[in-house]
Amino acid sequence: MPIHLSPPAPSMTGSVATGTSSITLVNGSSSENESFTFADLVASLEGRDPAQQLDILNERLVLENRIKEGAENLLNMNLADSLRLKVETELEMARSKIDAIVKRIEQQPAVDQSKNALQNARACLKKLAALDAQANGTASSSTGSPVSAPDLDRQKIQVMNELVDILRKTLRVRYELNVTEIIESVIPSLADRSSKQCRAAAYRVIRHALVDVDSVKCLSEQYLDWYIVKSLTRDNKCAVEKEQVIKLIRTIVEVGSERSESAPRVPLSESIMRAFIAVAEHIEDPFRLICVQTLVEILLIDIDLVARTGGIRFLLHVLGDGPAEISSLIASAFLHIVDSPKTRRYLRLGYDIEIALTAITDAYGKGTEHADRMRGCAKIVQLLLRSWSGLMYLCMGNMGAIRSLIDMLTLPSLETRDIILDMFFDLLNIRAPDWYQTFIDGRRLTMYRKSRDSTEKAQSETTERPVVAPYQKLTDQYIGLLIMVFTHAGLFEALTSMVTETTTGSNLSRKATLLIAETLHLANRVLPLNAAAKVQAISRIFCMAADRSNVDFRIIGTTTLAAIDSFNRNRTKLEPNASVKQVRPRANSVEDAVRRGQRQVEQVKLKMGMNMDDKQFQSTFVEAQVLAQKDHTKWNFDTVVELVEGPFLVPKRVEEAIRVRFIRRVMSFYHPFSHRFSDMPRNKTNQKWVRLGCSLLNTLMSTAEGVRYLSNEDQFLTQIVKAFAQLDPFNGMTDSDPIFSKKRVAETLTYGYLEMLGTISRHKEGVELMEKFKVFTAFYHLSELRSREDLIKGIIENLDYSIDGHPRIVLSKALTSSYKHIRLYATRHLGDLIRASPTANAWTLRLLVTQLYDPALEVCSLAVRFLEDACESKDILQLVVEMRPTLDHLGDMGHPLLLKFMSTAIGFRYLYDAGYIDREMDIWFNERNIYYVVQVEVFLSKVFSDGEDTPDKLTFDGAVPPHFYGEMAKTDLGCQILQEKGHFSEFSQFIRRHGLEGEDVELITKLKSILWAVGNVGATEGGLPFLEEEDIIPAVLDIAEQSPISSVRGTCFFVLGLISSTSQGAEILDDYEWESTLSPLGLPTGLCMPQHVERFATLPPWEEYQSSDSTIRLLPPKEPKELEVLTAIQNLANTVIANTASRSLAKMKSRPEYHDIFSSPAMFYRALQTISGQHYRLPVRRYIIDLFNLELNAETVQKLHEASRTMVPHPSHKPSYSEVNRYNSISSVASIQRTTDEKPTEEPEPLAMPAVNKIVGFSA
């Protein structure tokens, strides 16, 4: 499909307003579209070939689709009726034109575009060949006057751009054209005499010609390396050329790399790699970041190539020094390398990854400007410690790396300490609330109740969050392991030393105390009893508190313990629900004490009002000023409220108020057409009148006299219905400014009528009144209005559904509305009703189940999510299963809900009879087990990652996702089927056979998936016997402590936590020195820790890989001058003597006797090989290449190729004595080993002589 056929976003260049008379749908006026008919389009096709006709039809189809999308978007907005009619007309015209154009396209004869494109591409290649011949002066004399070089370049660029367009648009041409032919056609354009734009266009053609591995192999046969090396060496003035050559290299990596597990390979030569690394090293190069990213990609594919060319060392330095925006990417790549024993041998244990810590460990004595680098380093450390490979690597060598970080807390550097403390807060996932700063500042925590904002926030969180599963999170288990590691590495000793520095305390020491208190709190929750007891001993602090011989120590110890105790006591008061999340607030919770007191006061006032005598009642009437003043602003509002919520609850008082016209006066104020209440601006001050109206209606509905008054005497409901009728286009009562216009609802108190109607609907008599006045009929008519979703949402939100009748019908009608946004809102409100209900209601669940069959995928997804949350309750789950919903049409979206059904006997039987169990069991056994591993690992990485919350991060809170085999093992029938299928026996055999696999990636991934399946089965009472029968727990423990893959060890760690979810599983693991965390009631929480953490959290040491020296050894030069030049070039790699060598080269180039050397292709080849085998900075490489007076073109490249054949010695060549000395003079090597022990008798022993070391520019 051509790229121009993709439907773009509709663009609206004209403003849309209520009074607008014309609109612009797509970059032009609507009149232009109306004037262009299909007949005009057909006329424009006459006389054109089929290909041109098809292009015209496609372009017009794109335009009409844009008009259609723009009109549909406009109809979703609030438009005037005349403007809406015009948009609808435009939409119908666009749809009819689209149908006609599509039919015409289908009738078009088939056009073989690829054949024409192939011919055009070959014509472009011929043009390039002719232009090259013309540039070389080989064209015939009939061609006319010669063309200048800039004009030739422009013509070449134009032809190459045409060729690129063909290759981009027609993929078939890229496969049918010979890649070698394309490269040979553009190679002359890479010469130095061509412009940088021409060379860039040539690289672009080559890039688009590469389609597979074979095409990249053809590229390697064309001697392009030196062109690429020189292009990479050019300065920033040639940025356009450099950009294209870097894109070419990235394409070679992407297309031509062989990613086999046995021998992964990136088809780049070492000369290109070293030139590419030099660009990445150069800080001032604009392409540095993309080069670093490309090196990281190459590192993950072919680590041996990067190691041979010095790329690993460079990437490690970037990891330590920055820039920060790319350090996390490099750290993730090295974590992947550390995970496998095959790749981690390229790293030096104790040196390489530790470079990432140097910004912190070497921070002492550096200025404040170093703080930003330390913060970046802290993020990298967090990334390392939040992954299994990073944690186990840093724990090697008796946790030396972690100890070095902790030891920085003992150095007197305030900035460093503060950053490290913040790092530990983040690592342990400690989120500091606002009142923590009060603790750090040393002020007393006297705020014994929450502020209103925090209370409202907590209430909103409790209404939005689902019920938490009974087991703990995977993140809690990992944090528990981190606490044990940090404790073993001496974190508490370092924090204690910070606390003991001063008796008066400082912000930093109190922050350390806070970290101690938080860590102790976490340890009490996530660690087993014995491990938590060791952490909470804090023996040094207790010893100081009990030390009577040292007053300062005693003060420090007691102050620290008092601060920890104060923190714990006030934590309960300030955050009573910090550790327990509930769906709704408890009625008897501590935070509701003030609310209960206020309610008691209100009840006392209510009793006093109801017991008011006649005299007091009359005086209150007079005080209210309602009968004396018609202007509501002169009423005594508080007195009116007191009457409504007190005495009027007595029927006698209501009858008296109606008789004296008190109620009539107040109700007339609320009549819509009185334009008193309905015209008041909507602001915080006036909202009290809405509350008064709701209270008055609630009071009237509680007495028979009040109901009779509303039914027979008052016009309130009648006027409400008339106001709604103003919006009904079929009612004939339209008004220019209706009461319930969108503007009035948004800006005035008119919205309050919806709340008042909701108050009436809470009473049975109120529902009857609304039926009598046909309020519900008005609601049904409003639900058909597309543009008044604000009213529909307000009605749905305010109606009470506790009484069976029309309110529920209104909700069900909204749930099945023809407009998707209304269905979404109604479904969301229905889910909130279910969540807020203390008991299971069959009617709400039935409506929500109906939403599973909605045609819109978003509505189905929302219904599934609410059902998942609701089914955490066993009663609701039972009701939903009894409704027997069909979820096959939902696909993967419905699987989590079906897994919940499996956890009950009736649900499992229903799914088994439907054939779901057998079908899904085979899918999980073969495919979905692998997907489960990927899902868990990706979600865990997102939970542990820094940054903003993403949708995936919000949907996964660290708890174990439901697993098919785990849910299956929760019922007796499921265990029986699992036994009959024999899947668990196969799992056990695979674990025993491949438990210590360290090479095959597919086997490792399958091992993880089977471990998760075994763990989920073992997490149930019915599934644990399977593990005991197969005796698989010892095998899992062996893998956890001996596997060479750190991520497999981490999987076993979580799996053992799942097995510890049952009491019997916890007892079994305790026999193997893995202790489980128990709740205060002695029940297992699903967390399990090794008693010997140093045996688990480590990796076996490895022997560093010694890569073979692949540097091409050339025969040494015979001329002394050549030797002198080559030695100086080699000395440029030494930063100490580089300046002297550079001056020597400049002097030599200025001398006539050296002219032939700097014009020699052979010496140029030696120089290129030198910079391709050693590390040179980018400016030095550029300086070396610019020394030679040679133009890089096809002839020069051919000479370089011939030099490579004559200078590279045969493998059987034996260097002579003079060659050995020349080798030593060039490379300063102490000795060169001979290939044989036989030596000529007439020559002295070479190894017995001192090495000749000659450095040009220094006197002897």
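Here UniProt numbering is used: the first residue of the sequence shown is 1, the next is one more, and so on.
Ideal Cβ placement from N, Cα and C applies to all residues, glycine included.
- Under a 10 Å Cβ-count criterion, V551 is classified as exposed, with fewer than 16 other Cβ atoms of the shown protein chains found around its own Cβ.
- With contacts defined by Cβ atoms closer than 8 Å, M498 and L491 do not form a contacting pair.
- Between I67 and E90, the C-beta gap is smaller than 8 Å, which places the two residues in contact.
- Nearest to C124 by alpha-carbon distance, out of I809, S96, I157, is I157.
- In this structure, T170 keeps its C-beta atom at 8 Å or more from the C-beta atom of A94.
- A direct Cα-Cα distance of roughly 17 Å separates D426 from L357.
- Unbroken alpha helix (DSSP H) runs of no fewer than 4 residues, entirely contained in the segment 860 to 901, are found at 874 to 882, following chain order.
- Distance check between K1008 and each of G805, I977, S1043 places S1043 closest, using alpha-carbon atoms only.
- Between E493 and S566, the alpha-carbon positions lie close to 21 Å from each other.
- G376: not part of any beta strand (DSSP E); member of the alpha helix (DSSP H) spanning 371 to 385, first to last residue.
- In this structure, DSSP gives R313 a helical state, which the three-state scheme calls helix.
- Taking a contact to require three or more Cβ pairs closer than 8 Å, the segment 785 to 801 and the segment 758 to 767 qualify as touching.
- Here W226 is buried. Its C-beta has 16 or more other C-beta atoms within 10 Å.
- From the listed residues F662, Y780, G397, M902, the smallest Cα separation to F621 is found for F662.
- L219 sits in a helix when the DSSP states are folded into three classes.
- If you draw a straight line from the Cα of P1116 to the Cα of L421, it comes to about 59 Å.
- When DSSP states are grouped into helix, strand and coil, L1078 belongs to the strand group.
- If you check the CB distance, L224 and I252 do not come in under 8 Å.
- Bounds of the alpha helix (DSSP H) holding G1173 are 1161 to 1173.
- Our two residues, V666 and L696, have alpha carbons roughly 9 Å apart in a direct line.
- For P1209, no pairing in a beta bridge is given by DSSP.
- Checking the DSSP bridge columns, you'll see P323 has no partner listed.
- Ranked by Cα distance from K630, the first of V936, L335, A842, F669 is F669.
- With distances taken between CA atoms, V318 lies nearest to A359 out of K366, V1055, D304, A359.
- The segment 917 to 929 makes no contact with the segment 991 to 1003: fewer than 3 CB pairs, one atom from each, lie closer than 8 Å.
- The same chain holds no residue with a CB closer than 6 Å to that of Y351 once the five nearest residues on each side in sequence are set aside.
- Cβ neighbours of S787 within its own chain (closer than 7 Å, five residues either side excluded): N78.
- Counting other Cβ atoms within 10 Å of its Cβ, Y965 reaches 16 or more and is therefore classed as buried.
- Secondary structure of G1015 (DSSP, three-state): helix.
- Cβ neighbours of K247 within its own chain (closer than 7 Å, five residues either side excluded): R207.
- With a threshold of 16 other beta carbon atoms within 10 Å, E967 meets it and is buried.
- According to the DSSP assignment, M680 belongs to no alpha helix (DSSP H), since it is labelled neither H nor E.
- Per DSSP, the beta-bridge partners of E258 are R265.
- In this structure, the alpha-carbon of K652 lies about 28 Å from that of T633.
- Taking a cut-off of 8 Å on C-beta distances, the segment 866 to 877 touches the segment 845 to 854, as three or more cross pairs fall below it.
- The C-beta distance from Y912 to L973 rounds to 7 Å, short enough to fall under 8 Å.
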